[in-house]
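Notes for the one structure printed next.
Here you go:
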């Protein structure tokens, strides 16, 4: 799936492709890709915005 993350500091959207699984915790969001790569976004800096083809609009 495709995921949109909102960067609160930069006020911009980050688009991430090929995400296999999303872990949405209180203090962080963890995205796991199909190749096993994991990326962590702290929720005080980033917000999970839109999933599956929607546009990130603020």
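Numbering (our numbering), first residue to last: -11 to 46. Beta carbons: idealized from backbone N, C-alpha and C, even for Gly.
query: Pop quiz: residue 33 and residue -3 are said to be a contact at Cβ under 8 Å. What is the actual Cβ separation, rounded to whole angstroms?; result: 6 Å
query: Determine the direct distance from the alpha carbon of residue -11 to that of residue 7, and round the result to whole angstroms.; result: 5 Å
query: Just the C-alpha distance for residue 36 and residue 21, rounded to the nearest angstrom, thanks.; result: 16 Å
query: Tell me which residues share the same chain as residue 46 and place their Cβ nearer than 6 Å to its Cβ, disregarding the 5 neighbours each side in the sequence.; result: Any reading at residue 46 is ruled out, since the residue's pLDDT is 48, under 50, leaving its predicted position unreliable.
query: Residue range of the beta strand (DSSP E) that residue -8 falls in?; result: -9 to -5
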